[in-house]
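Going by my numbering, the final residue of the sequence shown carries number 479, and the count climbs one at a time with no gaps.
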Amino acid sequence: MAEVNIYEGALDKGLEGVVACTTKVSFIVGDSLNFRGYTIDDLAANSTFEEVTYLLWNDKLPNAQELAAFSTQLRNEMALSPDFIKVLKAIPTNVHPMGWLRTAVSLMAHWDSDANDNGAEANLRKSVRLTAKMGTLLCAFDAIRKGKEPVAPKADKSMAWNMMYMLGGGAEPKAEHVKVMDTCLILHADHELNCSAFATRVTASSLSDLHSAIVSAIGALKGPLHGGANEQVILMLQKIGTMEKAQQFVKDALAAKEKVMGIGHRVYKNGDPRARILRGMSDKLTKDAGIHHMYEMSTLIDDTMFNEKGLMPNVDFYSATVYFSMGIPTDLFTPIFAASRISGWCAHAFEQYANNRIYRPRGKWAGKEGLKWTPANQR
Ligand code: ACO
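Okay, here's the thing in C-alpha cells:
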C-alpha cells in the first residue's frame with residue numbers, strides 16, 4: 101500500500117483554523133463570546149467573578165445556596181500563610197511580575213498536600229486554592245517590592261473587592277472601582293483555545309499535575325502577543341505622548357511592519373465583544389481620573405488602525421486605560437489578567453483530564469538530510 105503523505109497541505113503556521121479538541125467551556129461565534137452558553141455581555145452586566153468561575157467549572161450557574169457556599173470556599177482560601185510569605189520574600193522582585201508570579205505558583209505546589217493527586221476531587225480543591233490565591237499573590241508581590249508587608253485579604257469580601265483593597269495598601273476601595281474590577285475579571289475569565297489555555301491543555305495532556313499546567317499557562321500569557329499586550333498599550337500611549345502624534349505613530353508602525361499593541365485578533369474579524377464593553381468603561385474612568393486624553397488617543401489609534409488595516413482592538417486595548425485610571429501599576433496588568441484567566445485554565449484542565457489523549461503533532465521537516473558525522477578536528 102502506498103504511504104500516505106501526512107505533510108501534504110497539513111502545515112498551518114500558528115495552527116490557524118485548526119480545531120485541536122472539543123470543548124464545552126467557551127466558544128466564539130462571529131463576534132460573540134459565550135461561556136457555557138451565556139454571552140459575555142449578559143455575564144458582564146449581571147454576574148460576579150465568583151459566579152462565573154462556578155459556571156466555568158460546573159457547566160451551570162449556581163443557585164443561591166451553591167453560590168454562597170462556593171464564594172465562601174474561594175474567599176477562605178485567599179490568604180497566604182506566614183510561612184509561604186517568608187518564602188515569597190526570597191524571590192527577587194527586580195523582575196517582571198509575571199516571571200515572579202510564575203515562580204510563586206510553581207512554589208505553591210510544594211505547600212499543597214494534593215500536589216501529586218491528579219484525581220478530579222483533588223484538582224477541584226487545588227483549583228479553588230490557585231484561583232483564590234492568584235490575586236493575593238500579585239498584590240503581595242507589589243507590597244514586597246515596595247518593602248512593605250503584604251496586606252491580608254478579608255474573607256467576608258469578594259475577590260474583586262480584595263484585589264482593589266490589597267493593591268491600595270489596605271485602604272477601603274471605591275465601590276465603583278470594585279465593580280469595574282469584577283467586570284474585568286469576568287471579561288478575562290476564559291476565551292476558548294487561546295494560547296495559554298492551549299498551553300494548559302498540552303501540559304495536562306501528558307497527565308502532568310495541575311500546578312505544572314498552570315505554570316505553563318502563565319508563561320504563555322506573559323508574552324506581548326497574548327496577555328502581555330495590555331501593559332504594552334500604556335507604554336505605547338506614553339511613548340506617543342500627544343494626540344497630534346498618534347496617527348503618524350500608527351502609520352510609521354505599519355510602514356515598519358511593527359505591531360500596534362492591543363489591536364488585531366486571530367479569531368475576531370469584526371471586533372472583540374470584550375473590547376466594546378471595556379471601551380465604554382475606559383471613556384468614563386479616564387474622564388473621572390482626569391486623563392481623558394489617553395482615551396481620546398486610544399480611539400484615534402483604534403480608528404486609524406481600522407482605516408489603514410481593517411484591524412480592531414482586542415481585550416487588551418481598552419482594559420489598559422481602565423486599569424491605569426484606577427491607579428494600578430502598569431506592570432501588574434498582565435498578572436491581573438492571570439488572576440482572572442486562572443478560572444478558565446482550570447476549566448480547560450478539568451476537561452482535558454476527563455477526556456485525555458496526549459497532544460503530539462508532527463513537524464514538517466525543512467532541515468538538512470543525509471549528513472555524515474566527522475571528528476571535531478576535521479570540521
Ligand atoms: N499591528 C499591526 N499590524 C497587525 C497587527 C497589529 N496589532 N495585528 C495584525 N497585524 C497585521 C500583520 O502584520 C499581518 O499583516 P500582513 O498580512 O500585511 O503581513 C496581518 O495583520 C495578520 O497578522 P498576524 O500577526 O498574522 O495575525 P495573527 O492572527 O497571527 O495574530 C495577534 C493575532 C497576535 C493578536 C496580532 O494581531 C498581534 O500581534 N496583535 C498585537 C498584540 C496583541 O494585541 N496581542 C493581544 C491579543 S488578545 C490576547 O491574547 C489576550
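Don't be surprised by glycine CBs; every beta carbon is placed ideally from N, CA and C.
Residue ranges of each alpha helix (DSSP H) run of no fewer than 4 residues wholly in the stretch 286 to 320, ordered along the chain?
295 to 304
Going by DSSP in three states, I442 sits in which element: helix, strand or coil?
As a first step, residue 442 is located in the sequence shown; it is residue number 342 there, counting from the start. In this structure, I442 counts as helix in the three-state DSSP scheme.
Classify E331 as buried or exposed, calling it buried when 16 or more other Cβ atoms lie within 10 Å of its own Cβ.
On the sequence shown, residue 331 is found 231 positions in, with the first residue counted as 1. Per the 10 Å Cβ criterion, buried.
C-beta atoms of F149 and D282 nearer than 7 Å:
The residue given as residue 149 occupies position 49 in the sequence shown. The residue given as residue 282 occupies position 182 in the sequence shown. Cβ distance < 7 Å, so F149 and D282 count as in contact.
Give me, in chain order, the residues of the same chain whose beta-carbon lies closer than 6 Å to that of D402; leave out the 5 immediate sequence neighbours on both sides.
Here the question's residue 402 lines up with position 302 in the sequence shown. Taken in chain order, the residues that qualify are P413.
Give the straight-line distance between the Cα atoms of P461 and L115, rounded to the nearest whole angstrom.
By one-based count along the sequence shown, residue 461 stands at place 361. By one-based count along the sequence shown, residue 115 stands at place 15. Cα to Cα, P461 sits roughly 11 Å from L115.
Boundaries of the beta strand (DSSP E) in which N163 is found, first to last residue
Locating residue 163 in the sequence shown gives position 63, counting from the first residue. N163 -> no beta strand (DSSP E), and no H or E assigned at all.
State the beta-bridge partners of F135 as determined by DSSP.
Numbered from its first residue, the sequence shown carries residue 135 at position 35. Note: F135 sits in a beta bridge opposite S126, Y138.
How big is the Cα-Cα spacing for K248 and S296?
Taking the first residue of the sequence shown as position 1, residue 248 is located at position 148. Taking the first residue of the sequence shown as position 1, residue 296 is located at position 196. If I take the Cα positions, the gap works out to 31 Å.
How is the alpha helix (DSSP H) around R202 delimited, first residue to last?
Counting from one through the sequence shown, the residue named residue 202 turns up at place 102. Note, R202: alpha helix (DSSP H), 197 to 208.
Can you find the residues in the same chain that come closer than 6 Å, C-beta to C-beta, to S443, ignoring five residues on each side of it along the sequence?
Within the sequence shown, residue 443 is the residue found at index 343, counting from 1. Answer for S443: T153, L156, T231, A289, listed in chain order.
Can you say whether D309 is buried or exposed, counting buried as having 16 or more other CB atoms within 10 angstroms of its CB?
Here residue 309 refers to the residue found at position 209 when the sequence shown is read from its first residue. Buried: at least 16 other Cβ atoms inside 10 Å.
Please give me, in chain order, every unbroken run of the alpha helix (DSSP H) with length at least 4 that falls completely inside the stretch 416 to 470.
433 to 454
According to DSSP, is I363 part of a helix, a strand, or is it coil?
Taking the first residue of the sequence shown as 1, we reach residue 363 at position 263. If DSSP states are grouped into helix, strand and coil, I363 belongs with the strands.
Can you name, in chain order, every residue of its own chain whose Cβ lies under 8 Å from the Cβ of S258, other than the five neighbours on each side?
What you label residue 258 is simply residue 158 of the sequence shown in a count that begins at 1. Same-chain partners within the cutoff: T148, F149, E150, S171, R175, V278, D282.
Give the straight-line distance between the Cα atoms of G235 and W473, rounded to the nearest whole angstrom.
Position 135 of the sequence shown holds residue 235. Position 373 of the sequence shown holds residue 473. Using only the alpha carbons, I get a separation of about 53 Å.
State the DSSP-derived secondary structure class of P273, mapped to helix, strand or coil.
The residue you call residue 273 lines up with position 173 of the sequence shown. In the structure shown, P273 sits in coil (DSSP, three-state: anything other than H, G, I, E or B).
Endpoints, alpha helix (DSSP H) assigned at W261
Taking the first residue of the sequence shown as position 1, residue 261 is located at position 161. 259 to 267 is the extent of the alpha helix (DSSP H) around W261.
If you check the beta carbons only, do K359 and M198 fall under 7 Å apart?
For the purposes of this step, residue 359 is identified with residue 259 of the sequence shown, where counting begins at 1. For the purposes of this step, residue 198 is identified with residue 98 of the sequence shown, where counting begins at 1. Going by C-beta atoms, K359 is not nearer than 7 Å to M198.
Under the three-state DSSP convention, the category P413 falls into:
In the sequence shown, residue 413 corresponds to position 313, counting from 1. In this structure, P413 counts as strand in the three-state DSSP scheme.
Check Y154 in the structure and name its three-state DSSP category.
To locate residue 154, count along the sequence shown from 1; it is residue 54. Reduced to three states, the DSSP call for Y154 is helix.
On a CA-only basis, which of A179, D183, K189, D242 is nearest F433? Give me that one, please.
Counted from its first residue, the sequence shown places residue 433 at position 333. Selected option, being the one with the closest Cα: D242.
Considering only heavy atoms of ligand 1, does any lie closer than 6 Å to the CB of L325?
Numbered from 1 along the sequence shown, position 225 holds the residue referred to as residue 325. The answer is yes for L325.
Could you tell me the distance, in whole angstroms, from the CA atom of E276 to the CA atom of A145?
Counting from 1 along the sequence shown, the entry for residue 276 is found at position 176. Counting from 1 along the sequence shown, the entry for residue 145 is found at position 45. Straight-line Cα distance between these residues: approximately 14 Å.
Take W200 and list the residues in its own chain whose beta-carbon comes closer than 7 Å to its own, dropping the five residues that flank it on each side.
Looking up residue 200 in the sequence shown gives position 100. Excluding residues within five positions, the ones whose Cβ falls inside 7 Å are I191, T193, F241.
Measuring alpha carbon to alpha carbon, tell me which of V350, G364, A356, G463 ends up nearest T404.
As a position in the sequence shown, residue 404 is number 304, starting the count at 1. Looking at the Cα atoms, V350 is the closest of the given residues.
Are there 16 or more other CB atoms within 10 angstroms of the CB of T122, so buried, or fewer, so exposed?
In the sequence shown, counting from the first residue as 1, residue 122 sits at position 22. Classification for T122: exposed.
Would you report the Cα separation of Y138 and F127, rounded to the nearest angstrom?
Within the sequence shown, the letter at position 38 stands for residue 138. Within the sequence shown, the letter at position 27 stands for residue 127. Their backbone Cα atoms lie some 10 Å apart in a straight line.
Looking only at C-alpha atoms, which of Y453, D159, V280 sits nearest to K124?
The count along the sequence shown starts at 1 and reaches residue 124 at position 24. Ranking Y453, D159, V280 by Cα distance to K124 puts D159 first.
Contact check, S425 vs I391 under 8 Å by CB: the rounded distance?
By one-based count along the sequence shown, residue 425 stands at place 325. By one-based count along the sequence shown, residue 391 stands at place 291. With a Cβ gap of about 6 Å, S425 and I391 count as contacting.
Pick helix, strand or coil for I191, following the three-state DSSP scheme.
In the sequence shown, counting from the first residue as 1, residue 191 sits at position 91. Looking at I191 - three-state DSSP - the assignment turns out to be coil, as it is neither helix nor strand.
Proximal residues to Q452 (C-beta, below 7 Å), its chain only, five neighbours per side dropped:
The residue you call residue 452 lines up with position 352 of the sequence shown. Within the same chain, Q452 has close Cβ partners R301, A304, S305.
Does the beta-carbon of A438, which I'm using as the reference point, lie nearer than 6 Å to any heavy atom of ligand 1?
Taking the first residue of the sequence shown as position 1, residue 438 is located at position 338. Every heavy atom of ligand 1 is 6 Å or more from the Cβ of A438, so no.
Under a Cβ-count criterion, where at least 16 other Cβ atoms within 10 Å of its own Cβ denotes burial, should S382 be classed as buried or exposed?
Reading the sequence shown from its first residue, position 282 is the one you call residue 382. Buried: at least 16 other Cβ atoms inside 10 Å.
Does the beta carbon of A289 come closer than 7 Å to any beta carbon on chain D?
Reference to chain D is not applicable here, since this structure consists of a single protein chain.
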